[in-house]
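Chemist: Residue numbers (our numbering): 633 to 699.
A virtual CB, placed ideally from N, CA and C, is assigned to each residue, including glycine.
None of the values given here were measured: they were computed from a predicted structure.
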């Protein structure tokens, strides 16, 4: 395996780990909110914003990379 292929595989692994961690964290937070708050319009807005946060974070990771 060339050094370029190794670097690409490493960065791909970092991206996947970030994506998996972000998804797990957002899913856990959504479950926590649903378990502890009444089902209201405000909760729905909160969950929508949580989805928005996840999508923006994924876009940022793709565009600028992971630290």
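1. Counting Cβ pairs, one atom from each stretch, are 3 or more of them under 8 angstroms apart for the segment 691-698 and the segment 644-656?
2. Is residue 675 near residue 669, with beta carbons less than 7 angstroms apart?
3. Excluding the five sequence neighbours on either side, which residues of its own chain have a C-beta within less than 7 angstroms of the C-beta of residue 698, listed in chain order?
4. Which parts of the segment 659-698 are runs of the alpha helix (DSSP H), unbroken and 4 residues or longer, counting only runs that do not cross its ends?
Modeler: Working from what's here:
1. Three or more Cβ pairs closer than 8 angstroms define a contact, and the segment 691-698 meets that threshold against the segment 644-656.
2. For the purposes of this step, residue 675 is taken as residue 43 along the chain shown, with counting starting at 1. For the purposes of this step, residue 669 is taken as residue 37 along the chain shown, with counting starting at 1. Remark: C-beta atoms of residue 675 and residue 669 approach each other more closely than 7 angstroms.
3. Looking up residue 698 in the chain shown gives position 66. Cβ neighbours of residue 698 beyond the five flanking positions: 646, 647, 650.
4. 673-696
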